[in-house]
Amino acid sequence: MLNVFLRFVRGLSSNLAGALGVALVNATFVTFVAIEVLRLTGIVQSAYVGMVSYLFLPPIFVSGLLLIPLGWWIYVRRVGRPWR
1 MLNVFLRFVR
11 GLSSNLAGAL
21 GVALVNATFV
31 TFVAIEVLRL
41 TGIVQSAYVG
51 MVSYLFLPPI
61 FVSGLLLIPL
71 GWWIYVRRVG
81 RPWR
């Protein structure tokens, strides 16, 4: 099972689309969580932070999620068989 997971991760990181998708998803998730923690604790009280958090970060997150299957598809087309 671990071997299958490692092959999957290797397939995602073998091309630019998959690696960029993973990087975008992780970066936007960490940024969103950090902004929400700062807003909930009262450290940041600007209305513009909410605009960034709810208008600008979700499309970046979704585009990263769309790049991950694209990267996997490119990998499968290049290698031929994804699980061997």
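Oh and the sequence shown: position 12 is 12 in this note's numbering, straight run, nothing missing. Note that beta-carbon positions come from the ideal geometry of N, C-alpha and C, so glycine has one too. Fair warning: this is a prediction, and the values are worked out from it, not measured in the lab.
I believe PHE56 touches PHE29 by the beta-carbon criterion, under 8 Å. Please report the beta-carbon distance rounded to the nearest angstrom. For this step, residue 56 is matched to residue 56 along the sequence shown. For this step, residue 29 is matched to residue 29 along the sequence shown. Between PHE29 and PHE56 the Cβ distance is about 14 Å, and since that is not below 8 Å, they are no contact.
Three CB pairs or more closer than 8 Å across the segment 11 to 27 and the segment 69 to 83: yes
Identify, in the order they occur along the chain, each residue of the same chain with its Cβ nearer than 6 Å to the Cβ of SER14, setting aside the five sequence neighbours on each side. The sequence position of residue 14 within the sequence shown is 14, counting from 1. Here the set comprises TYR75.
Looking at VAL25 and ILE35, is the spacing between their C-beta atoms short of 9 Å? Here residue 35 refers to the residue found at position 35 when the sequence shown is read from its first residue. Here residue 25 refers to the residue found at position 25 when the sequence shown is read from its first residue. No, the pair does not count as a contact, with Cβ atoms beyond the cut-off.
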